[in-house]
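Working notes for the structure below.
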Amino acid sequence: MADVSKEVELKRVVMVKAIVTDAFKTNLTKELERAIKNLEMQEKQIESQSKAHIDDLKKQGMMQQLNSFLKQLDEEKGRMSAARADLTSKIEEAKKLKVGSEFIQGPLEGPVNVKIGDNLYKKIGAAEILVKDGIIQEIRGLN
């Protein structure tokens, strides 16, 4: 006979969605713009640090290492450029969001207790929390 008093705590993903408001759009845009500024600061740091390293390699006549480093630097600049373009695109998308629509902010992990006799798929299935300006409005799919 199974022990029905046994429980196990599992982790499940809970999707957080926001009801779009003007304040939400403004905050999202500012957050994305801040991310672009951080990226630009990183680029400047890499640029200044790389210049010194490139000069050192040239002085030491380490041309193979220099070429390898320049290739890595170019790849990193490409990644950063792509990230900036992605963030810029997201800013444009944020500005076009319709007030009252739902915007997926992302997943959070939360615990759920399961015991013998529970439907596992319902317990760990699609749960959502709907917020409006940070205040929980609705919790969906919690069983």
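To convert, take the position in the sequence shown, counting from 1, and add 688; that gives the working numbering.
Built from N, CA and C at the ideal position, the CB exists for glycine as well.
#1: Tell me which residues share the same chain as residue 788 and place their Cβ nearer than 7 Å to its Cβ, disregarding the 5 neighbours each side in the sequence.
#2: When the distance is taken between beta carbons, is residue 790 closer than 8 Å to residue 843?
#3: With distances taken between CB atoms, is the gap from residue 782 to residue 720 smaller than 8 Å?
#4: So the beta strand (DSSP E) residue 750 belongs to, where does it begin and stop?
#5: One question on the structure: do residue 802 and residue 696 come within less than 8 Å of each other, judged by their Cβ atoms?
#6: Does residue 699 come out as helix, strand or coil in the three-state DSSP assignment?
#7: State the start and end residues of the unbroken alpha helix (DSSP H) segment that holds residue 786.
#8: When DSSP builds the beta bridges, which residues end up paired with residue 801?
#9: Ignore the nearest five residues each way along the sequence and tell me which others in residue 794's own chain have a CB closer than 7 Å to its CB.
The answer reads as follows:
#1: Here the question's residue 788 lines up with position 100 in the sequence shown. Excluding positions up to five away in sequence, the list reads 707, 708.
#2: Because the chain is modelled from 689 through 831, residue 843 falls outside the range shown and cannot be assessed.
#3: Position 94 of the sequence shown, counted from the start, is the residue given in the question as residue 782. Position 32 of the sequence shown, counted from the start, is the residue given in the question as residue 720. Against a cut-off of 8 Å, the Cβ pair of residue 720 and residue 782 comes out as a contact.
#4: Here residue 750 is taken as the residue at index 62 of the sequence shown, counted from 1. Neither: residue 750 is in no beta strand (DSSP E) and is coded neither H nor E.
#5: If you number the sequence shown from 1, residue 802 lands on position 114. If you number the sequence shown from 1, residue 696 lands on position 8. With contacts defined as CB atoms closer than 8 Å, residue 802 and residue 696 qualify as a contacting pair.
#6: To locate residue 699, count along the sequence shown from 1; it is residue 11. Strand, per DSSP.
#7: Along the sequence shown, read from residue 1 onward, the residue named residue 786 stands at position 98. For residue 786, there is no enclosing alpha helix (DSSP H), as DSSP marks it with neither H nor E.
#8: Numbered from 1 along the sequence shown, position 113 holds the residue referred to as residue 801. Answer is 697.
#9: On the sequence shown, position 106 is the one that residue 794 refers to. Only 704 meet the Cβ criterion.
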